[in-house]
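Single-structure report; data block below.
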Amino acid sequence: MFRISQLARTTATRGVRSYSGAFSNEAYAASKETARTSVETWRKISLFAAVPSVIIFSYVATKEELDHIHHLEHDPPKFVAYPYLRIRKRKLPYGDGDHTPFWNSLVNPDPED
Numbered sequence: 028m029f030r031i032s033q034l035a036r037t038t039a040t041r042g043v044r045s046y047s048g049a050f051s052n053e054a055y056a057a058s059k060e061t062a063r064t065s066v067e068t069w070r071k072i073s074l075f076a077a078v079p080s081v082i083i084f085s086y087v088a089t090k091e092e093l094d095h096i097h098h099l100e101h102d103p104p105k106f107v108a109y110p111y112l113r114i115r116k117r118k119l120p121y122g123d124g125d126h127t128p129f130w131n132s133l134v135n136p137d138p139e140d
């Protein structure tokens, strides 16, 4: 109890709270300069490394996907009637009742075709 009252009296007489992370004006200016150079460095990395990489990989991925779609149009997958596929006790509540909302006639073979 004595320590707390002594501490309160000490801080009251000074009138200024002392934080452990208090900066001087020079330290504050130095930290602002460091922050500015860090921002510039990451801006350059983003503009000259990240953006071109995204553009290049987007082009490659799009080209591969278009080649895959072209292949599926010319050679569609064949339906294999496994006994555990297409078990329906009642019609599905959407669409024609036989296909899910994620049905894609290009990649999902249909036994009626």
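Numbering (this note's numbering), first residue to last: 28 to 140. Note that the Cβ used here is the ideal one computed from N, Cα and C, for glycine as well.
Presumed contact (8 Å Cβ cut-off) between residue i and residue j, rounded CB distance
{"i": "Phe-106", "j": "Asp-125", "result": "Not quite, the Cβ-Cβ distance comes to about 13 Å (not below 8 Å), so this is no contact."}
Beta-carbon gap between residue i and residue j smaller than 9 Å
{"i": "Val-134", "j": "Pro-104", "result": "yes"}
{"i": "Tyr-121", "j": "Pro-110", "result": "no"}
Residue i at chain D interface by Cβ criterion, 9 Å
{"i": "Val-87", "result": "As a matter of chain content, chain D is missing from the structure shown, which is built from one protein chain."}
Proximity winner among the options, relative to residue i (alpha-carbon distances)
{"i": "Arg-113", "options": "His-101, His-95 and Trp-130", "result": "Trp-130"}
{"i": "Ala-108", "options": "Val-78, Asp-123, Ile-96 and Glu-139", "result": "Glu-139"}
Nearest-angstrom Cα separation, counted from residue j out to residue i
{"i": "Asp-94", "j": "Ile-72", "result": "32 Å"}
{"i": "Trp-69", "j": "Ser-85", "result": "22 Å"}
{"i": "Leu-99", "j": "Lys-90", "result": "14 Å"}
{"i": "Arg-117", "j": "Asp-102", "result": "32 Å"}
{"i": "Val-66", "j": "Ala-76", "result": "15 Å"}
{"i": "Ile-96", "j": "Val-87", "result": "14 Å"}
{"i": "Arg-115", "j": "Ser-132", "result": "19 Å"}
{"i": "Ala-56", "j": "Ile-83", "result": "40 Å"}
{"i": "Ser-51", "j": "Ser-58", "result": "11 Å"}
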